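K.L.:
Here our numbering runs 590 ahead of the position in the sequence shown, where the first position is 1. Built from N, CA and C at the ideal position, the CB exists for glycine as well. As the structure is a prediction and not an experimental result, all values here were calculated from the model. Dropping the structure in here first, questions after.
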Amino acid sequence: MIKADRSGMYYVNGFVNGKPIRFLVDTGASRCSMTDEKADEIGLEWRNWRRGNSSTAGGPAETWTGPLDSIRIGDIEVRTNLSGGVLLDMDLRKGDALLGMNFLSQIEFTQDDGVLILHDDSTFYEITMSTQFLQALR
C-alpha cells in the first residue's frame with residue numbers, strides 16, 4: 591500500500607535497471623520518465639536515444655526515449671515492454687521519475703481512500719507513507 595502524501599500524490603522508492611530511484615506514480619503518463627540528472631546518475635546512455643517531443647502536464651517538452659531493462663517496486667519487477675523517457679528540466683520536487691503505465695499496466699493496482707495498492711500474480715506490495723516513515727527515509 592502506498593499512502594498519498596498531503597497533496598494527494600503517491601511517491602514510492604524503487605529501482606530502474608537495478609539502480610535506486612524515487613517515483614511519483616502517474617497513471618496519466620504512458621511510460622516511466624525521469625530527469626536527465628537521474629538518468630546520468632544511474633548510468634543510462636540516454637543521449638543516444640530517440641529524440642522527440644511529448645505533451646506533459648506542464649506543457650510540451652523535449653524528450654528522449656529508449657529501452658529499460660527492468661523496473662522494480664518492492665518484490666514486483668517488470669522486465670518486458672519497457673521504454674523509458676528522459677525529460678530535461680522536469681521538476682518532480684520529491685521524486686526523480688514518473689512511474690507510468692508501461693509498468694502499471696503489467697501489474698494490478700487499486701486505489702481506495704487515499705491508498706494505492708500494487709500487486710502482481712505472486713506479490714502484494716505494502717508501504718504506509720506515514721510521516722514517521724518519510725522522515726526515516728531522509
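What does the alpha-carbon distance come out to for the pair Gly-685 and Ala-619?
P.N.:
15 angstroms
K.L.:
Roughly how many angstroms separate the alpha carbons of Lys-593 and Arg-641, rounded to a whole number?
P.N.:
35 angstroms
K.L.:
Return the CA-CA distance between Val-676 and Phe-613, expressed in angstroms with no decimal places.
P.N.:
C-alpha of Val-676 to C-alpha of Phe-613: approximately 14 angstroms in a straight line.
K.L.:
Which whole runs of the alpha helix (DSSP H) in the segment 653-724 are 4 residues long or more, in chain order?
P.N.:
691-694
K.L.:
I'd like to check one pair, Asn-638 with Asn-671: are the Cβ atoms closer than 9 angstroms?
P.N.:
no
K.L.:
Using only alpha-carbon positions, find the residue among Ala-629, Asn-607 and Gln-701 that is nearest to Thr-653.
P.N.:
Ala-629
K.L.:
Please return the same chain residues whose Cβ sits closer than 7 angstroms to the Cβ of Asn-607, not counting the five positions on each side in sequence.
P.N.:
Ile-632, Leu-658, Asp-659 and Ser-660
K.L.:
Could you tell me whether the Cβ atoms of Ile-707 and Val-668 are closer together than 9 angstroms?
P.N.:
No, the pair does not count as a contact, with Cβ atoms beyond the cut-off.
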